[in-house]
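To convert, take the position in the sequence shown, counting from 1, and add 49; that gives the working numbering.
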Amino acid sequence: MVLVVVGFLAYSLPPYLTGDSRVPPTFSLHHPLLVAHVLLATVAMVAVVAQICAKRSRLHPWIGRIYVCTAIPAAVSALVIGALTPFGPVLAASNVVLATLWLWFTLNGYRQARRRRFGGHRAAMIYSSALALSVITNRIWTPLLAITLNPLQQNLFEGDDEAYLYLVAGLGGWLGWLVPLLTVRCWMHRRRVTVPSSKPHKPETQPV
Numbered sequence: 050m051v052l053v054v055v056g057f058l059a060y061s062l063p064p065y066l067t068g069d070s071r072v073p074p075t076f077s078l079h080h081p082l083l084v085a086h087v088l089l090a091t092v093a094m095v096a097v098v099a100q101i102c103a104k105r106s107r108l109h110p111w112i113g114r115i116y117v118c119t120a121i122p123a124a125v126s127a128l129v130i131g132a133l134t135p136f137g138p139v140l141a142a143s144n145v146v147l148a149t150l151w152l153w154f155t156l157n158g159y160r161q162a163r164r165r166r167f168g169g170h171r172a173a174m175i176y177s178s179a180l181a182l183s184v185i186t187n188r189i190w191t192p193l194l195a196i197t198l199n200p201l202q203q204n205l206f207e208g209d210d211e212a213y214l215y216l217v218a219g220l221g222g223w224l225g226w227l228v229p230l231l232t233v234r235c236w237m238h239r240r241r242v243t244v245p246s247s248k249p250h251k252p253e254t255q256p257v
């Protein structure tokens, strides 16, 4: 996990810092907001990895606070940028749903921790972390789909590059976060991890 995240960040981060982003701007504040999102999300992803390594140490609460403080603005900025993506309405819808879920699970996880409902906190933060890291799988799905669906570019879309790009980007966007989220859901169900509930729980002394 550590090597995957570090490798991904080392490859993906530099273009945004040097102004060489391949994402065409769609509004005046697009680039600064995109850079802010990338930097905040980078810290959040590093915090996820650090949190896994420091699961039962005294650093766990502090790393968690760093994650929450970076994930929330990263999700909000993703909501704005994602809704105005230049890569079509299918990807825009995926981005909006992803950012909304990421924001919801992060806020809910924080709220559960404040109420000392650590079972619910853990479940919400696992979902939030899966969404934070889903950008990695998105980078895998998109090129795979581009190769697999290439025959459709001429047959179905009659050489319309833009329509084909919208299809590949849209499917890659949805699969990028749906597959990890459903995988985590199945994993949690098998291990009977506590799901967040509105019912009051007795305070626990230690997080799970």
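Just so you know, even glycine gets a beta-carbon here, dropped at the ideal spot from N, CA and C.
A quick note: this is a predicted structure, and the numbers were derived from the prediction, not measured.
Between the alpha carbons of ILE121 and VAL184 lies a distance of about 16 Å. At the C-beta level, VAL125 and TYR176 stay beyond 8 Å of one another. Boundaries of the alpha helix (DSSP H) around GLY169: 167-197.
Taking 8 Å as the upper bound for CB-CB distance, LEU78 and ALA123 are not in contact here, some 16 Å apart. Note that the C-beta distance between HIS170 and ALA162 is below 8 Å. Unbroken alpha helix (DSSP H) runs of no fewer than 4 residues, entirely contained in the segment 64-140, are found at 79-102 and 109-132, following chain order.
In this structure, THR191 and GLY221 form a Cβ contact; the two beta carbons are roughly 3 Å apart against a cut-off of 8 Å.
Non-local beta-carbon contacts of GLY225 in its own chain, meaning distances under 6 Å to residues more than five positions away in sequence, involve SER183, THR186, ASN187 and TRP190 in chain order. In this structure, the beta-carbon distance from VAL217 to ALA181 does not fall below 8 Å. When the beta-carbon positions are compared, THR149 and LEU128 come within less than 8 Å of each other. Each residue's CA atom was taken as its position, placing GLY56 and HIS238 some 30 Å apart.
Here DSSP, grouped into helix, strand and coil, assigns ARG160 to helix.
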